[in-house]
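The numbering of the first sequence is the working numbering, which starts it at 1138 and goes up by one. Yeah, the Cβ is synthetic: ideal placement off N, Cα and C, and Gly gets one too. These numbers come from a predicted model, not from an experiment. These notes are about the structure you will find just below.
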Amino acid sequence: MPTVTVPDKPLIAVLGPTGSGKSALALEIAARFDGEIVNCDSLQLYRGFDIGTAKTPTAERRGIPHHLFDILEADEICTAGDYARMARDVLREISGRNRIPVVAGGTGFYVRALLEGLFEGPARDPVLRNNLAEREQRRPGVLHRALSRFDPAAAGRIHPNDTNKLIRALEVYLAAGEPMSQLFERGRDSLSGYTPFKIVLDPPRPELQYKLNQRCLGMLEAGIIQEVSWLLVSGVSGESKPLESIGYKETLLFLNGEMPLADAVALMQRDTRRYAKRQLTWFRREKDAHWLSGFGTDEAIVSSALNMLVKYTQNLK
RNA sequence: GGACAGGUGGGUGAGUGGUUAAUACCAGCAGACUGUAAAUCUGCCGCGCAAUCGCGCUACGAAGGUUCGAAUCCUUCCCUGUCCA
């Protein structure tokens, strides 16, 4: 029996820090190559969170299909695993129509979960997690000590202060009955059938920071305060995950009278800048990525991206 | 003109004789990341060298002085703020 090799399908990913112009570039690419946009931003998944997440307004989408936007309510949670599953379904659907998926977003962890997959481990267990968190709070250090006993390899890689990651490692061990580091060795369920082309936007740092500062001011003008007020009025809990994100968190501080507006904005700008830096750090580790030093809105960047992609798509056809 | 208060590393701001290249925070830089990731966490951050424990130099408005030793005490000068004229 001769093996039939099915050629890989194209998949374009537009990555980069917030404010680098991912959405704009993705739109250009989709328009040029018969593409459809697939969101890869952990917060643009949420319905009602538009201004603070800089979601592309429907009117500016040029009729191009956008997937995985507004699919979650504020009280819902989407883990990297959840995201990867949903996104893979969408990918297949788009490819099935002979169109090209253009993944755009700044959530590096989701990108990795989508493309490279996660290890086969147990899902989250809220009760267990709370329990572990409480123990750590009562006696700082216990989690790391416990992990050192059950899974020395993982404990060596996780800092004693990094409670979030300690909890996950312990949770895995307790739920699976096997050390996480051992489960890792079995590999991850990476995405098959695609040869992704990754573009990372990397605008000059000072310009990005300036733009980010301006954008925060712009969000205020666009009515982020009203957006948050409306969300609260419509019953969204102040503790819901999206309201704890950058932009919303600070707006809430102001609305609760805990901080003058000017301070809240300054905080928002600071957090945004820091976030952009962290994103860049993440993407630097992304394998086989094509870096473009400019904004996705720059003519030159757009044309060099399109040029690279012409070759890429031809090779795959 | 007089009376106070104060001038500290890119910024805010501790420190009032040695253990201080100088707390902390901000800014900046770098990194980690396998199911809450816009989360969580780590390192660096005067200069030069060694690039591992280290070594040398320059620093707390300026110039002098006291002292074994000063960002810290004294003198003069410069500057800033508040108050009285």
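If you draw a straight line from the Cα of TYR1220 to the Cα of THR1155, it is about 19 Å long. Excluding the 5 residues flanking it on each side, LEU1255 has same chain C-beta neighbours closer than 8 Å at ALA1217, GLY1218, ALA1221, ARG1325 and ASP1326, in chain order. Runs of the alpha helix (DSSP H) lying entirely within the segment 1306–1383, each at least 4 residues long, are 1317–1321, 1342–1359 and 1361–1370 in chain order. When C-beta atoms of the segment 1335–1346 are compared with those of the segment 1356–1372, fewer than three pairs fall below 8 Å, so the two segments do not count as touching. Shown here for THR1244: same chain residues with a beta carbon closer than 7 Å to its own, the five before and five after excluded, namely CYS1177, ASP1178 and SER1179 in chain order.
GLY1293: member of the alpha helix (DSSP H) spanning 1289–1294, first to last residue. The beta-carbon distance between VAL1151 and ALA1224, rounded to whole angstroms, is 14 Å. This is too long to meet the 8 Å contact definition. Less than 8 Å separates the beta-carbon of ARG1199 from that of LEU1164.
Around the beta carbon of GLY1153, a 10 Å sphere encloses 16 or more other beta carbons of the protein chains shown; the residue is thus reported as buried. Here the segment 1274–1282 lies against the segment 1290–1306, with 3 or more beta-carbon pairs under 8 Å apart. In this structure GLY1384 is buried. Its beta-carbon is surrounded by 16 or more other beta-carbon atoms within 10 angstroms. For the pair of segments examined, the segment 1348–1364 was found to touch the segment 1394–1413: the number of CB pairs separated by less than 8 Å reaches three. Boundaries of the beta strand (DSSP E) around ILE1174: 1172–1176. Under the DSSP assignment, LEU1209 falls outside any beta strand (DSSP E); it carries neither an H nor an E label. The Cβ atoms of PRO1238 and VAL1175 lie closer than 8 Å to each other. Taking the Cα positions, SER1382 is about 16 Å away from LEU1349. Counted as a single uninterrupted DSSP element, the beta strand (DSSP E) harbouring ALA1426 occupies residues 1426–1429. Leaving aside the five residues that flank SER1374 on each side, the residues in its chain whose CB is nearer than 8 Å to its CB run, in chain order, ALA1211, ASP1212 and LEU1380. For ALA1191, there is no enclosing beta strand (DSSP E), as DSSP marks it with neither H nor E. Buried is the label assigned to HIS1204, since at least 16 other Cβ atoms lie within 10 Å of its Cβ.
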